[in-house]
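A.B. asks: Questions regarding the structure given below will be posed in turn.
In this note's numbering, the protein residues as written are 17 to 470.
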């Protein structure tokens, strides 16, 4: 069968799910082609993208999914994220699918906010929220030029996909709504993310390997290139982890810009998968402190390996290069392993940062969240599952004060690190609570059980 002529869909401003889905089905059954949403407002419930179909939002087109979790009962996916098993636009086992055009998807996050927790600086999200786009076990995927705003949860989630391209996409989410990750590559092989603009309260671009319905890792994440992206994030802008049930290998982040962010670059091992052969190159960073409800605070680079549960050792982090990094931070560089898996063979080269004092003081603690305590917060304690939990003393579990005060870089449990032309400019005189030692090395666990050395 040969591709069909494009099917053009005029906007009617009311629920048009049946007509949109019928056009997608027709084009796919006829050999593939384009479904064009013309200028105007297109209201829909869940859509299932099929093989061979390019869903194209023309200039002026607005796709406005119904802001109701129940509207997506027929577009479920197998991987649950933050209790959600639903997506606004989904595809499974499809080939050569795309979402293109200069139109917009307005995802309506306001309907999924149930309160405001000013103590941690976030809105309180509804218990169940749909993701915007979830493509599962698909091959040959492209999303380009689309503008997506106000996602209620993860924005673009690719699960067990191959040959993925995300180009020129703009994502603008509410900066106070948790779990609104921009782009998530979950056990994907062969992906390029380039020239994207992302602003969100949670991770900007995140690579992970989740666990599937059968209780095993979905697969590996490998051969990933992220380049020329600009990210603002109140979690971690460019990130690997924390879900790491399968291996992550051969990953490059390069020529990116991180601004108005909490953490810039991060690698987090928790679940047994090995993370190896990762390179961050030519990245400008601007990292600011945030309230303690957000993970980390002002770190340009965070690498850590922590056993999420005692029965399962985290995977090793090894063969990591971080080079040509410039900018400023209100926290420190941290590389910490509390797991026997360890962190090995690290190269830091040509790093030039200004370390500045923040107004909150939260940057003066290093952060090992998520911890075991975050898996199931106790009813009588403050917290939210897999995010933050407060102990009986009112302090967030997983936040630890740097021994001797905040240095420029703090390293614990590292085997084999090479540092070349690493220049971190610090204030003079040093603010209260700062370590006079620039680079602090600890020889054992960072819980104070053994003396730390330099």
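By construction, the Cβ of each residue, glycine as well, lies at the ideal position given by its N, Cα and C atoms.
Cutting at 6 Å between CB atoms, please list the residues of its own chain near residue 180, excluding the five before and the five after it.
C.D. replies: 157, 174, 204 and 207
A.B. asks: Assign residue 24 to one of three DSSP states: helix, strand, or coil.
C.D. replies: Note: residue 24 maps to strand in three-state DSSP.
A.B. asks: Since residue 40 is in the beta strand (DSSP E), which residue starts that stretch and which ends it?
C.D. replies: For residue 40, there is no enclosing beta strand (DSSP E); the residue is found in the alpha helix (DSSP H) stretching over 33-45.
A.B. asks: For the region 301-321 against the region 276-290, are there 3 or more C-beta pairs whose distance is under 8 Å?
C.D. replies: yes
A.B. asks: Taking DSSP as the reference, what is the three-state secondary structure of residue 269?
C.D. replies: strand
A.B. asks: May I have the straight-line CA-CA distance separating residue 453 from residue 424, to the nearest angstrom?
C.D. replies: Taking the straight line joining both Cα atoms gives about 8 Å.
A.B. asks: The beta strand (DSSP E) that contains residue 412, what's its start and end?
C.D. replies: First-last for residue 412: undefined, no H or E at that position.
A.B. asks: Where do the ends of the beta strand (DSSP E) carrying residue 224 lie?
C.D. replies: 221-225
A.B. asks: Note down the Cα distance separating residue 253 from residue 376, rounded to an integer number of angstroms.
C.D. replies: Here the alpha carbons of residue 376 and residue 253 stand approximately 20 Å from one another.
A.B. asks: If you compare alpha carbons, which of 297, 271 and 260 is closest to residue 284?
C.D. replies: 260
A.B. asks: Note down the Cα distance separating residue 22 from residue 79, rounded to an integer number of angstroms.
C.D. replies: Rounded to the nearest angstrom, the two C-alpha atoms are 18 Å apart.
A.B. asks: Using beta-carbon positions only, say whether residue 223 and residue 190 come within less than 9 Å of one another.
C.D. replies: Taking 9 Å as the Cβ cut-off, residue 223 and residue 190 do not qualify as a contacting pair.
A.B. asks: So, are the CB atoms of residue 116 and residue 63 less than 9 Å apart?
C.D. replies: With contacts defined as CB atoms closer than 9 Å, residue 116 and residue 63 fail to qualify as a contacting pair.
A.B. asks: Name the one or two DSSP bridge partners that residue 122 has.
C.D. replies: 165
A.B. asks: With C-beta atoms as the reference, is residue 185 less than 9 Å away from residue 163?
C.D. replies: yes
A.B. asks: Could you check the C-alpha separation between residue 226 and residue 445 for me, to the nearest Å?
C.D. replies: Using only the alpha carbons, I get a separation of about 46 Å.
A.B. asks: Hey, is the region 136-144 in contact with the region 44-64, meaning 3+ C-beta pairs nearer than 8 Å?
C.D. replies: no
A.B. asks: For residue 303, which beta-bridge partners are listed by DSSP?
C.D. replies: Per DSSP, 277 and 345.
A.B. asks: Buried or exposed: where does residue 247 fall if 16 or more other Cβ atoms within 10 Å of its Cβ makes it buried?
C.D. replies: Per the 10 Å Cβ criterion, buried.
A.B. asks: Within its chain, find whatever has a CB closer than 6 Å to the CB of residue 370; leave out the 5 residues flanking it on each side and keep chain order.
C.D. replies: Excluding positions up to five away in sequence, the list reads 344 and 441.
A.B. asks: Is the Cβ-Cβ distance between residue 321 and residue 357 less than 9 Å?
C.D. replies: yes
A.B. asks: Please list the terminal residues of the continuous beta strand (DSSP E) segment that includes residue 387.
C.D. replies: Element bounds for residue 387: n/a, residue is neither H nor E.
A.B. asks: Quick one: give me the first and last residue of the beta strand (DSSP E) that residue 236 is part of.
C.D. replies: Here residue 236 belongs to no beta strand (DSSP E), and DSSP marks it neither H nor E.
A.B. asks: What three-state label does DSSP hand residue 419 in the structure shown?
C.D. replies: coil
A.B. asks: If we call anything under 9 Å between Cβ atoms a contact, is residue 302 one with residue 313?
C.D. replies: It is not a contact, given that the beta carbons lie outside the stated cut-off.
A.B. asks: Go ahead and label residue 123 buried or exposed: buried means 16 or more other beta carbons lie within 10 angstroms of its beta carbon, across all protein chains shown.
C.D. replies: buried
A.B. asks: Using a Cβ-Cβ cut-off of 7 Å (strictly less than) and excluding sequence neighbours within five positions of residue 368, which residues of its own chain qualify?
C.D. replies: Same-chain partners within the cutoff: 342 and 439.
A.B. asks: Along the chain, which unbroken stretches of the alpha helix (DSSP H) at least 4 residues long are found entirely within the region 81-151?
C.D. replies: none
A.B. asks: So, is residue 28 buried or exposed, given that buried needs 16 or more other C-beta atoms within 10 angstroms?
C.D. replies: Per the 10 Å Cβ criterion, exposed.
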